[in-house]
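Chemist: The numbering of the sequence shown is our numbering, which starts it at 5 and goes up by one.
Each residue gets a CB set at the ideal place from its N, CA and C atoms; glycine is no exception.
These numbers were taken from a predicted model, which means no experiment stands behind them.
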Amino acid sequence: MILEVKDLNVEVSGKLVLKDVSLSIGFGEIVFLLGPNGSGKTSLIQSVLGNPAYKILKGRIISQGLDITTLKPEERAKMGIAASFQLPPKIKGLKASRLLDEVSKRFNVHESYVKKLISTFKLEEFMNRELYVGFSGGEMKRFEILLALLQKPKLLLLDEPDSGVDVENLAIIGKTLDEFLHEDDDLLSTRRSMLIVTHTGALAKYINPSRAYIMLNGEIVCYGKGEDVIKRVFRDGFEKCKSCYEKYKGG
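Set out below in structure tokens:
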């Protein structure tokens, strides 16, 4: 498994945000984590990345057979774990092109691949702008995902890549991610894997997850075949999952 989360309990500032969460992602697997805003999805990503603000009370995080529960964030990054986030900060004085240069050098990415991603995400006109200054929501997400892809990750964690994105940007993001997942890379011995956190499931139009989990109030309440779970959410909403789970716990 590229990622195994086992019985994870996490708190932030004394508040329990994840309760006995278990989730797994195989090599080359695409998994969706669905749930309404504030359900704990981002907390799971931050815990996997090793953010010290997220205190692990119980449970383990395992990647590629190694227990990474106590590893520092930079050590996890070296293992090929990368992420994009909902609200990246605007940075005045730093041009987008400069940041791309630094990231591509750090991860030894060829200039032709950088140019290919810039073109694919249609971000040519933004290269001389200050980072995220004047970017729309969709443009910010495209650039943030581009940065994550430059790291050539084995496991890519995407936090709400389809939230607040118009149809055109959604198509660009969805098609590019699908292409990234299936492209050949001689540096990787296994296919790439991806965890997509979303409350809309809109990317399912372009990416077909093998499995999907539903999180409510910091707990995994449902999981199954990706297509089936997403259809159920589109049809019944998250409340139906909540009522089924409460009935299960009470029974």
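Consult DSSP for I234 and reduce its assignment to one of helix, strand or coil.
Modeler: Translated into the one-based positions of the sequence shown, residue 234 becomes position 230. In this structure, I234 counts as helix in the three-state DSSP scheme.
Chemist: Quick one: Cα of E8 to Cα of G39, how far?
Modeler: For the purposes of this step, residue 8 is taken as the residue at position 4 of the sequence shown. For the purposes of this step, residue 39 is taken as the residue at position 35 of the sequence shown. Rounded to whole angstroms, E8 to G39 spans 20 Å at the Cα level.
Chemist: Let's see if you can read the secondary structure: which residues bound the alpha helix (DSSP H) around Y117?
Modeler: For this step, residue 117 is matched to residue 113 along the sequence shown. Taken as a continuous stretch (DSSP letters only), the alpha helix (DSSP H) holding Y117 covers E115 to T124.
Chemist: On the three-state DSSP scale, how would you describe A86?
Modeler: Taking the first residue of the sequence shown as position 1, residue 86 is located at position 82. It is a strand residue.
Chemist: To the nearest angstrom, report how far apart L75 and G54 are at their CA atoms.
Modeler: Here residue 75 refers to the residue found at position 71 when the sequence shown is read from its first residue. Here residue 54 refers to the residue found at position 50 when the sequence shown is read from its first residue. Their Cα atoms are separated by approximately 7 Å.
Chemist: How many angstroms separate the CA atom of N173 from the CA atom of R146?
Modeler: For the purposes of this step, residue 173 is identified with residue 169 of the sequence shown, where counting begins at 1. For the purposes of this step, residue 146 is identified with residue 142 of the sequence shown, where counting begins at 1. Roughly 8 Å between the two C-alpha positions.
Chemist: Tell me which residue opens and which closes the alpha helix (DSSP H) that G63 is part of.
Modeler: In the sequence shown, counting from the first residue as 1, residue 63 sits at position 59. From DSSP, G63 is part of no alpha helix (DSSP H) but of the beta strand (DSSP E) over K59 to S67.
Chemist: Does DSSP put M198 in a helix, in a strand, or in coil?
Modeler: Here residue 198 refers to the residue found at position 194 when the sequence shown is read from its first residue. Here M198 sits in strand by DSSP.
Chemist: With F36 as the anchor, note down where its beta strand (DSSP E) starts and where it stops.
Modeler: Residue numbering aside, residue 36 sits at position 32 when the sequence shown is read from its first letter. Element bounds for F36: I34 to L38.
Chemist: I need the DSSP call for G54, collapsed to helix, strand or coil.
Modeler: Along the sequence shown, one-based indexing puts residue 54 at 50. Here G54 sits in coil by DSSP.
Chemist: What are the start and end residues of each continuous alpha helix (DSSP H) run of 4 or more residues lying completely inside the stretch 125-174, in chain order?
Modeler: With a minimum length of 4 residues, the continuous alpha helix (DSSP H) runs that stay inside the stretch 125-174 are 141-154.
Chemist: Sort out for me which residues DSSP pairs M219 with in a bridge.
Modeler: Residue numbering aside, residue 219 sits at position 215 when the sequence shown is read from its first letter. Partner(s): I224.
Chemist: Here's a check: name, in chain order, each residue in its chain whose Cβ is nearer than 6 Å to the Cβ of K10, leaving out the five neighbours to either side.
Modeler: Position 6 of the sequence shown, counted from the first residue, corresponds to residue 10. Hits under 6 Å: S26, G63 and R64.
Chemist: Taking three-plus beta-carbon pairs below 8 Å as touching, is the stretch 126-133 in contact with the stretch 179-187?
Modeler: Touching, no.
Chemist: Hey, quick one: how far does the alpha helix (DSSP H) through S43 stretch, first residue to last?
Modeler: Here the question's residue 43 lines up with position 39 in the sequence shown. Premise fails: S43 is in no alpha helix (DSSP H) and is neither H nor E.
Chemist: I'd like the list of long-range same chain contacts for A175, defined as Cβ closer than 8 Å, with 5 residues on each side in sequence excluded.
Modeler: Taking the first residue of the sequence shown as 1, we reach residue 175 at position 171. Around A175: Y210.
Chemist: List the DSSP bridge partners of D71.
Modeler: Counted from its first residue, the sequence shown places residue 71 at position 67. DSSP, once it has assigned bridges, lists I66 as partnering D71.
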